[in-house]
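Each remark here refers to the structure printed beneath this line.
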Amino acid sequence: MARELIHAIVDGILTGGVYALMAVGLTLIFGVLDIINIAQGVLVILGAYLSYSLSTRAHIDLFTGLLITIPVMFIIGIVIHWAFIRRLRGTERTSMTLLVTYAVALIIEGILYKVYGANDVQLQASYTTSSVHIFGFYLPWIFIYGFIVAVGLVVALYLLLYRTRLGRSVRATMQDENAARLVGIEVNRVAALTFGIGVAVTAVGGMFFGATNAFNPNSGYDLISRLLAIIILGGLGSIGGALAASVFMLTLESVVTVWQPTWAIAVFYAALVLVLLIRPAGFLGRKAVRAQ
Amino acid sequence: MTGDRRPWLIRAILLVLLVAGAVAFPKVFTNPAVTNYGVLALIFVTVASAWNIFSGNSGYISLGHAVFFGSGAYAMGIAARDWKVQGTTVFALLPLVAAVGAVIAVIFGLIALRVRRHTFIVITIAVFFIFQLSAFNLRSFTGGSAGLNSPFLNWPSAGYNTPFYYIALAFAGGTIAIAVAVRRSRFGLQLRAIRDDEDRARGLGVRAMRVKLTAFVLSGAITAMIGAVWFYYINQVEPQTGFDPLFDLLIVLMAFLGGYGSIAGPVLGALIIEPGTLWLNTQPQFSGGYLSEILLGAVFLVIVLFVPRGIIPTGGEWVMRLRTRGRPAVVPAVAGAAAVGSTAGSAAAGPASTGDAPAASPASKGGAR
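Chains A and B supply the protein sequences, listed in that same order.
In this note's numbering, each number is its position in the first sequence, counted from 1, plus 764.
In this note's numbering, each number is its position in the second sequence, counted from 1, plus 1.
Below, the structure is given as C-alpha cells:
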C-alpha cells in the first residue's frame, strides 16, 4: 500500500509538471488578454497529432520533433489571435472570446476527425515502453524526460517574463493595459506574442499527453476542463498558482486513483468546488480578479 | 403613446397567426419525420428560452444547463422505474422533476454564483462533468453507460409525435410567457442591473445573490421538466446524450444567433439551428459528423464576429434604417442622455458609454484590478 502511495505521488508530481506548463500558457493568456482559451485542450491534442505524424511518417524522435511542433503551434496561436481574438471588442468581450475559442476548438476537432479518424492512437518511442526501477516500482522514462523538459520550459518562461524587456511589457499589460499603452508598450503586439507563446507550450503538453495516454480528437474536452480547474484553483492570471495547483491536483487525482479509479476525476472537480467555497479567488489569486 | 394603436394591433394579429400556425402544424404536416423536427425544435425553443431567462438577463453565461436537462431526464426515468409508473400517468411526475431541478439549481447556484462571470462559466463546466461522470458511475441508480429506457407509452404509433408536439408547444409557450413576465417585472430589471454592473446594482439595494439564484432556479426547473419530456420522446437516456457538452454549446449558439437577452432571439435561434442540425445529420455527405461540427463552429464564429448582438437586434436596426431612410430615428435620445448625465453626474458615464466599448472596457479593467 505504502509503495503504491509513493508511486502515485511521484506519478502525480511528474505529470503535474507537464500540466503546469500547459496551465501556465492558459493563465498567461488570461492575464494579458482577459481571455479563457477554451481551444487550449484541443490544441494540446493537435500538438499530439503533429508529434504523431512526425514520428510515424518522418520517423523523427518525439523530443527532436518538438523543435518543429513548438514553432508550428506558436504560429497557429498567432493566426488564431490575428483572425478572431483581435477583432472582438465590447463589454461582453471575455464571454465572447470564450465562445469564439470554443468555436475554434470545434473546428479544429472536426478537422482532426477528418484527417486522423476517431480511433485512439498513442505516441510510441523506446522511452515510452522502457522503465526505470526506483523505490521498488517501475516508472516509464517518458515521465522523467517529460518532467525535465516541462520544468526547463517553465523556467525559461519565468526568465522570459522576469528578465527580458518583452517580459516586462507582458507583466505591465497584465497589471494595467491602459497604463501600459500610455508608457509606449505596443499592447497589441504583446497580446499576439503572449497568445502565441501560450499556445506554443501545448506542443510539449501534447507530446507528453500523447505518449502517456491513448487519445482521439475528442480528448480535448477532458483536458480543457482539467486545465480550467487548475488555473481557477491557482487563481486566474497567477503563474505561481498555476504551478502549485497543477502539482496539487494531479497528485490528488493520482492518489485517489489508487483506491477509486472511477471517481478520481470527480474528486478533481470536487476539490475545485470546495476550494472555491473557502477561497473564491483560488490559492494565489488576487482578490481583485474575483471582481471581474 | 398617443393614437399609436396600429403597431400593437399588427403585433396581436401576428401573434395570433403564429400561435394558430404552431397549433395547426402537425395537422398540416402529418409525416412523422416532419413532426419530429417540430417536436425537437420546440424542445430547444423551451431550453433556449429557459437558458435566456437566467443567462440572457443576468449576463452569467451558463455552460452547464445540460446538468438540469440530463437530471430531469434521469429523475423521470428513475422515478418511473422505481415506482413502476406506466402509461400517460408518468406526466404527473413532471412537478417532481421540476422540484429535483430546482433543488439541484439551489445547490449548484449557491456554489457557482459566489464567483463572477468567467469563473462562473468554468464552474458550470466542472459541475457538468461531475454530473456526467456520476451518471456513468452510479450504475445501480442510473443504469451506467447503458442508460435508462422509458416505460412503454400505450399511445397509437400513428401520429405518436403529435401529443409530444403539443406538450412541447405548451412548454415552449409557457416558457416564453414566463420570459416576458420576468422581463417586464421588477425582478427582471434587477437581473439586468446585475448584468450591467453588479457592484452598482448591489450598491443600489439589489440583493444580487437572491435575485441571481431565483432566476437560476427558475431556469433550471424548466430545463429539467423539458429534459424529462425529451426523455419520453426519445425513449431512452444515456450519460453522453443526457449530459452532452455540445448541448450547452448549442443553446448558447441559439441564443447568440437570435439575439442574446431578447425574448424572440433564442426562439428564432432554436427554430433555425435545431432543424438545421437535424437536417444536416440526415445528409449523406455530413454523416461522418465532423463536417457538421466544422460548419457549426464556422457559423458560430461568423455570428460572434459579424452579428455579435444576434439577428433580432441587428435586423431591427436595419428595418429602422430602412424606415427612416438613414435619418436618425429618435432625436430626443441624445437630449435624454444629456439630461440623465446632468442629474446623475458622473455616475451616468457608465451606462451611457456601454455602447462605446473600446473606451469602456479598458477603463473597467483598470478599475477592477
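Think of the CB as a built atom: it goes at the ideal place given N, C-alpha and C, for glycine as much as any other residue.
Bridge partner(s) assigned by DSSP for residue i
i, result
"valine 896 (chain A)", "A:Leu903"
"phenylalanine 979 (chain A)", "A:Val885"
"asparagine 150 (chain B)", "B:Gln237"
CA-to-CA distance, residue j to residue i, given in whole angstroms
i, j, result
"asparagine 883 (chain A)", "asparagine 977 (chain A)", "13 Å"
"proline 40 (chain B)", "glycine 22 (chain B)", "A quick correction: the sequence has valine, not proline, at residue 40 (chain B). For valine 40 (chain B) and glycine 22 (chain B), the distance between alpha carbons rounds to 14 Å."
"valine 268 (chain B)", "phenylalanine 973 (chain A)", "41 Å"
"glycine 1143 (chain A)", "glycine 811 (chain A)", "This structure cannot settle anything about residue 1143 (chain A), because the visible part of chain A is limited to 765 through 1056."
"leucine 797 (chain A)", "proline 309 (chain B)", "19 Å"
"arginine 747 (chain A)", "leucine 306 (chain B)", "With chain A running from 765 to 1056 in the structure shown, residue 747 (chain A) is simply not present."
"serine 819 (chain A)", "glycine 789 (chain A)", "25 Å"
"leucine 134 (chain B)", "threonine 163 (chain B)", "34 Å"
"histidine 845 (chain A)", "glycine 805 (chain A)", "16 Å"
"valine 17 (chain B)", "alanine 42 (chain B)", "20 Å"
"valine 919 (chain A)", "glycine 910 (chain A)", "14 Å"
"leucine 297 (chain B)", "glycine 311 (chain B)", "16 Å"
"leucine 258 (chain B)", "alanine 889 (chain A)", "47 Å"
"valine 181 (chain B)", "isoleucine 264 (chain B)", "7 Å"
"leucine 1016 (chain A)", "valine 107 (chain B)", "28 Å"
"tyrosine 922 (chain A)", "serine 59 (chain B)", "38 Å"
"valine 303 (chain B)", "glycine 270 (chain B)", "14 Å"
"arginine 203 (chain B)", "leucine 214 (chain B)", "14 Å"
"isoleucine 839 (chain A)", "isoleucine 849 (chain A)", "14 Å"
"histidine 771 (chain A)", "valine 1037 (chain A)", "27 Å"
"valine 98 (chain B)", "alanine 222 (chain B)", "8 Å"
"serine 1018 (chain A)", "aspartate 775 (chain A)", "7 Å"
"methionine 226 (chain B)", "glycine 102 (chain B)", "8 Å"
"valine 212 (chain B)", "valine 116 (chain B)", "15 Å"
"alanine 13 (chain B)", "glycine 174 (chain B)", "15 Å"
"histidine 119 (chain B)", "isoleucine 800 (chain A)", "8 Å"
"phenylalanine 172 (chain B)", "arginine 324 (chain B)", "36 Å"
"isoleucine 912 (chain A)", "alanine 169 (chain B)", "57 Å"
Opening and closing residue of the alpha helix (DSSP H) in which residue i lies
i, result
"tryptophan 319 (chain B)", "312 to 325"
"threonine 1021 (chain A)", "1003 to 1023"
"threonine 820 (chain A)", "804 to 821"
"tyrosine 161 (chain B)", "Taken as a continuous stretch (DSSP letters only), tyrosine 161 (chain B) belongs to no alpha helix (DSSP H), as it is neither H nor E."
"threonine 47 (chain B)", "33 to 52"
"glutamate 950 (chain A)", "First-last for glutamate 950 (chain A): undefined, no H or E at that position."
"tyrosine 61 (chain B)", "Tyrosine 61 (chain B) -> no alpha helix (DSSP H), and no H or E assigned at all."
"aspartate 775 (chain A)", "766 to 797"
"serine 859 (chain A)", "857 to 880"
"phenylalanine 831 (chain A)", "Looking at the sequence itself, residue 831 (chain A) is leucine, so the reference to phenylalanine does not match. Start and end: 826 to 847."
"valine 1039 (chain A)", "1028 to 1042"
"valine 308 (chain B)", "Run containing valine 308 (chain B): none; DSSP gives neither H nor E here."
"isoleucine 994 (chain A)", "984 to 998"
"serine 141 (chain B)", "140 to 143"
"leucine 930 (chain A)", "929 to 939"
Sequence-distant residues of its chain with Cβ nearer than 8 Å to residue i (five each side left out)
i, result
"serine 894 (chain A)", "Pro904 and Trp905"
"leucine 930 (chain A)", "Leu924, Val954 and Leu957"
Proximal residues to residue i (C-beta, below 7 Å), its chain only, five neighbours per side dropped
i, result
"phenylalanine 232 (chain B)", "Ala74, Met77, Gly78, Ser151 and Val238"
"isoleucine 252 (chain B)", "Val48, Ala49, Trp52 and His66"
"tyrosine 234 (chain B)", "Val40 and Phe165"
"asparagine 282 (chain B)", "Ser293"
"valine 808 (chain A)", "Met786, Thr966, Gly969, Gly970, Phe973, Gly984 and Leu987"
"tyrosine 877 (chain A)", "Pro981"
"serine 63 (chain B)", "Trp52, Phe55, Ser56 and Thr125"
"phenylalanine 109 (chain B)", "Val68 and Val128"
"glycine 841 (chain A)", "Phe959, Gly960, Gly962, Val963 and Ala964"
"leucine 94 (chain B)", "Met77, Ala80, Ala81 and Val86"
6 Å CB neighbourhood of residue i in its chain, flanking five on each side removed
i, result
"tyrosine 61 (chain B)", "Phe121"
"alanine 787 (chain A)", "Leu991, Ile994, Ile995, Ala1006 and Ser1010"
"isoleucine 124 (chain B)", "Ala113"
"glycine 795 (chain A)", "Met938 and Gly1001"
"arginine 857 (chain A)", "none"
"serine 933 (chain A)", "Ile949 and Val954"
"glutamate 768 (chain A)", "Val1022"
Cβ-heavy atom distance, residue i to the ligand GDP, below 6 Å
i, result
"isoleucine 949 (chain A)", "As presented, the structure is devoid of all ligands, the ligand GDP included, so that no description of it is given."
| message | So within the stretch 68 to 129 of chain B, which uninterrupted alpha helix (DSSP H) runs reach at least 4 residues, ignoring any that extend past its ends? | response | 95 to 113
| task | Could I get the ranges of all uninterrupted alpha helix (DSSP H) runs contained in the stretch 256 to 294 of chain B, with 4 residues as the minimum, in chain order? | result | 265 to 283
| query | Whole alpha helix (DSSP H) runs in the stretch 186 to 225 of chain B with 4 or more residues, listed along the chain? | reply | 187 to 197 and 199 to 204
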